[in-house]
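Visitor: Here it is, the structure in full.
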Amino acid sequence: MNTHRATHLPLCLALTITLHFLTNCSSGTSTQVLQTNPTPTATPTKAPQSQPEPTQAPPPSPCEGLSGEIELQILVGPADAVGLTPKTAGFIPFSVTGSAPPYTISGSGPINYQETLTENWGTYTVYMDLDTTLDGECSDTNGAGILHAALTLSGSQMVEVRSDGFNQDYPWQGTDIRSMDFPLQDGAEAQGEGWVCVLHIE
C-alpha cells in the first residue's frame, strides 16, 4: 500500500507544478506587442496627358472667291504691215465659284466696237457687235493658281477697206472660241493671231 502511493507521488507533483506554471502565465503581466508602422504605399501619379497638336487649316486656295475681268484687245488693220498696237475692244467680267475644287469660271458681256485706221493710202475700219461668254476652271497647284478659260465670241464683224480705186468689205458672222491660260497675276496676258486678252484681278 505504501509502495503504490510512492509510485504516484512524482506524477501528482509534476501535474501540480505544471498547473501552477500555467496559472502564473495566464495571470501574469500582459505581454506588450510591438507595433510596427506600416510602410506607406506610394500613390502612383498620373502622367500628364500630351495635348494633341492643334490642326492647322490649310491656306485658302487662290482660286476661291476670285473675280475680275478679261480685257479683250484686237488689232485694227494689217498690224504686221503698219506696226499697229492692240486696241481695247471691251471687258468681260467674270467670277470663280465653289469652296473646293473644281472651281468654276463664269462670265459674259457684250462688245460693241468700231475703230478706223486712217493712212495716206486710205482707211481701214472694223465694226464688231459680239456677245461673249467666258467659262472654264481655276486650278490650284502647290498654292499657284492657273485660270483655264475659253472665250466664246458670237455675233458679227465687218472690215471695210477704202482706198483710191479699191473698196472692199470683209464681213464675218458666226461663233469663234478662243482658249487661253492665265497665271493668277494681275496683268497676265494670253494672245493669238489678231487678239490679246489681259487678266485683271479685283
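For the sequence shown, my numbering begins at -7 and goes up steadily by one. Backbone N, C-alpha and C define an ideal beta-carbon position, used for all residues, glycine too.
#1: Would you report the Cα separation of G60 and G184, rounded to the nearest angstrom?
#2: Assuming G101 and G82 are in contact, meaning their beta carbons sit under 8 Å apart, how far apart are those beta carbons, in whole angstroms?
#3: Which runs of the alpha helix (DSSP H) at least 4 residues long sit entirely within the region 71 to 151? Give them in chain order.
#4: Going by the beta-carbon positions, is the gap between I138 and P175 smaller than 8 Å?
#5: Straight-line CA distance for L109 to T117?
#6: Between the Cα of T144 and the Cα atoms of L58, I84 and T96, which residue gives the shortest distance?
#7: Can the beta-carbon of G128 be found less than 8 Å from the beta-carbon of A141?
#8: How many angstroms separate the CA atom of W187 from the CA atom of V153?
#9: Residues in the same chain with beta-carbon distance under 8 Å from D156, minus the five sequence neighbours each way, listed in chain order, please.
#10: DSSP on G179, reduced to helix/strand/coil?
#11: Can you have a look at A182 and say buried or exposed, based on whether 16 or more other CB atoms are within 10 angstroms of its CB?
#12: If you follow the beta strand (DSSP E) that Q65 is part of, which residue opens it and which one closes it?
#13: Using three-state DSSP, classify S53 as helix, strand or coil.
#14: Keeping to the same chain, check which residues put their C-beta closer than 7 Å to that of S204; ignore five residues upstream and five downstream.
#15: So is P78 buried or exposed if we call it buried at 16+ other beta carbons inside 10 Å?
#16: By DSSP, does D156 sit in helix, in strand, or in coil?
Guide: This is what the structure holds:
#1: 21 Å
#2: 7 Å
#3: 71 to 74
#4: yes
#5: When rounded, the distance between both Cα atoms is 6 Å.
#6: I84
#7: yes
#8: 19 Å
#9: W113 and G114
#10: DSSP places G179 in coil when its eight states are reduced to three.
#11: buried
#12: S59 to I66
#13: coil
#14: Outside the modelled stretch of the chain, which goes from -7 to 194, sits residue 204, for which no answer is possible.
#15: buried
#16: coil
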